[in-house]
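When the count follows full-length UniProt numbering, it moves up by one through the sequence shown with no breaks and lands on 358 for the last residue. C-beta: ideal position from N, C-alpha, C; glycine also. Remember, predicted model here, so these are calculated numbers, not experimental data. Report on the structure given below.
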Amino acid sequence: MTELELRDLRKTYRARGRPAVEAVRGLDLALRSGELLGLLGPSGCGKSTTLRMIAGLETVTGGDILVAGSSLVGRPAQQRNIGVAFENYALYPPLTVAGNLAFGLRARGRAARKDVERKVADIAERVGLTGLLDARPAGLSSGQKQRVSLARALIREPDVLLLDEPLSHLDAAQRDTTRRELKRIQKDLGHTTILVTHDQEEALSLADRIAVMKDGVIQQLGTPYEIYDSPANLFVADFVGEPPINLLPGVADGEGHARLSDAARIALPVPVAAGREVVVGIRPEDLCLSPEGLSARVVAHEPLLESGIATLALGGIERPLVVLTGPETRLAHDERVHVTADAQLTHVFDAETGDALR
């Protein structure tokens, strides 16, 4: 069942004396019931504007938003059964945790006091806040505040849950713990969810599918594996992956290789016509140090216990090559090494359009 659908959704900002800005340009998305979709992209790509239009906090310039087949366009935010957990938590300082959770239910005036108390106790238990119900926001950690924000969005039993950069203010340890809790809660409760984030690790670990956005347009929609293993274009390839993918410009020779420099050639995964300018993409973990292959000089090597990161210089190529190494590897500055790549794990893109050549 399609729970949430965006049809040709558009948002244009206009100001007197200034050119119009198209923040969202013809977005088409369909979410299944219970699915968690990650909207991933850099700042200014339109992902938060999309979330705000769904929530009713921004007007829609064009297109439609449907929940269970019913249009939300034109309805005020309070008449949409949409739960939102904001990046800045937006908690009420004078109220206790219990008061923050109950505020929305009481403001609507439709629930009896006992029902409100029961719902507060139930959601607090689910997100691990039972022992903090009498505390006030000033006495909570960032992780606890984020859980309160999430619980407040969930308590209204929304048709759709929107998460706006939910982990951005947490430190690394809190982020890992909260991310696991968030995934458990979302799967347990089964809410159809959109997660807005610029953090690729967050999107890859939490989302069932990811929509990668740039300049108000979806560049690729797919599972985390599809986004990572088969990027649709150079933007997706370069944006997703840590360390970033190696992108090497070259010219196809028509014989299954690309010439990267006078001294370096690399095998391509697909046939490409001779003379076509391409960009070859190889993820650092798909490169291997070996007795033969491309000759390179070690610029730096960072041993990181479980693995290492080697930065290499290839003759005639400006951009350095980054290679993940095993924990036992030790490399010295200026040491000469050789590196190889499996053609089946190599990506190739048209240099002019940026599109992947399949």
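Spatial distance of Gln186 from Pro249 (CA atoms)
42 Å
Alpha carbon to alpha carbon, how far is Asp286 from Gly256?
19 Å
Got a sec, what are the start and stop residues for the alpha helix (DSSP H) Phe239 sits in?
Leu234 to Phe239
For Asp199 and Ala172, the rounded distance between their alpha carbons
12 Å
Closer than 8 Å is the cut-off here; do at least three beta carbon pairs connect the segment 309–325 with the segment 279–295?
yes
Can you give the beta carbon distance from Pro166 to Ala85, rounded, assuming they're within the 8 Å contact cut?
With 8 Å as the limit, Pro166 and Ala85 qualify as a contact, their Cβ atoms being about 5 Å apart.
Does the pairing of the segment 191–210 with the segment 32–41 give three or more beta-carbon distances under 8 Å?
yes
Does the beta-carbon distance from Asn100 to Val148 come in below 8 Å?
yes
Whose C-alpha, out of Ser307, Asn233, Ala68 and Ala263, is nearest the C-alpha of Asp350?
Asn233
In DSSP terms, what Met321 is bridged to:
Position check: residue 321 holds Leu in this sequence, whereas Met was assumed. Leu312.
For Val279, report the span of its beta strand (DSSP E) as first-last.
Glu277 to Ile282
Report the residue from Val120, Ser70, Val280 and Pro137 whose alpha carbon sits nearest the alpha carbon of Ile317.
Val280
Within the continuous beta strand (DSSP E) that includes Pro249, where are the two ends?
Where Pro249 is concerned, the enclosing beta strand (DSSP E) stretches over Asn246 to Ala252.
For Ala68 and Gln79, what's the separation of their Cα atoms in angstroms?
15 Å
Taking the beta strand (DSSP E) that Ile155 belongs to, which residues open and close that run?
It is not in any beta strand (DSSP E) - Ile155 carries neither H nor E in the DSSP assignment.
Any idea what DSSP makes of Ser285, helix, strand or coil?
Note that residue 285 corresponds to Glu in the displayed sequence, not to Ser. The answer is helix: DSSP assigns Glu285 an H, G or I state.
With respect to the beta strand (DSSP E) encompassing Asp64, which residues constitute its N-terminal and C-terminal limits?
Gly62 to Val67
Smallest Cα separation from Pro76: which of Gly56, Tyr89 and Leu182?
Gly56
Measuring only the C-alpha atoms, how far is Thr61 from Arg336?
58 Å
So what's Leu206 in DSSP terms, helix, strand or just coil?
helix
Beta-carbon proximity list for Arg126, same chain, < 8 Å, skipping 5 on both sides:
Ala151, Leu154, Ile185, Asp188 and Leu189
Cβ-Cβ distance between Leu221 and Ala211 below 8 Å:
yes
Please classify residue 359 as buried or exposed, where buried requires at least 16 other C-beta atoms within 10 Å of its C-beta.
What the structure shows of the chain is the stretch from 1 to 358, and residue 359 is not part of that stretch, so it cannot be assessed.
For Pro231, which residues in the same chain have their Cβ closer than 6 Å to its Cβ, ignoring the five residues on either side in sequence?
Taken in chain order, the residues that qualify are Ala237.
Straight-line Cα distance separating Pro327 from Ser307:
4 Å
Using the rule of at least 16 other Cβ atoms within 10 Å of the residue's Cβ for burial, across every protein chain shown, is Ser48 buried or exposed?
buried
Is the Cβ-Cβ distance between Arg265 and Ala274 less than 8 Å?
no
Report, in whole angstroms, the separation of the C-beta atoms of Gly83 and Leu161, which I expect to be a contact under 8 Å.
5 Å
If you run the structure through DSSP and keep just helix, strand and coil, what is Asp350?
strand
Can you find the residues in the same chain that come closer than 6 Å, C-beta to C-beta, to Phe239, ignoring five residues on each side of it along the sequence?
none
Span of the alpha helix (DSSP H) around Val127:
For Val127, the enclosing alpha helix (DSSP H) stretches over residues Arg113 to Val127.
Consult DSSP for Gly26 and reduce its assignment to one of helix, strand or coil.
strand
Rounded straight-line distance, which links the Cα of Val120 to that of Asp134
One C-alpha to the other measures close to 12 Å.
Within a Cβ cutoff of 7 Å, which residues of the same chain sit near Leu129, ignoring the five residues on either side of it in sequence?
Val97, Arg147, Val148 and Ala151
Contacts around Val73, its chain only, beta-carbon distance under 7 Å, and the 5 residues preceding and following it disregarded:
Val60, Asp64 and Ile65
What residues match up with Met53 in a beta bridge as DSSP calls it?
DSSP lists no partner for Met53.
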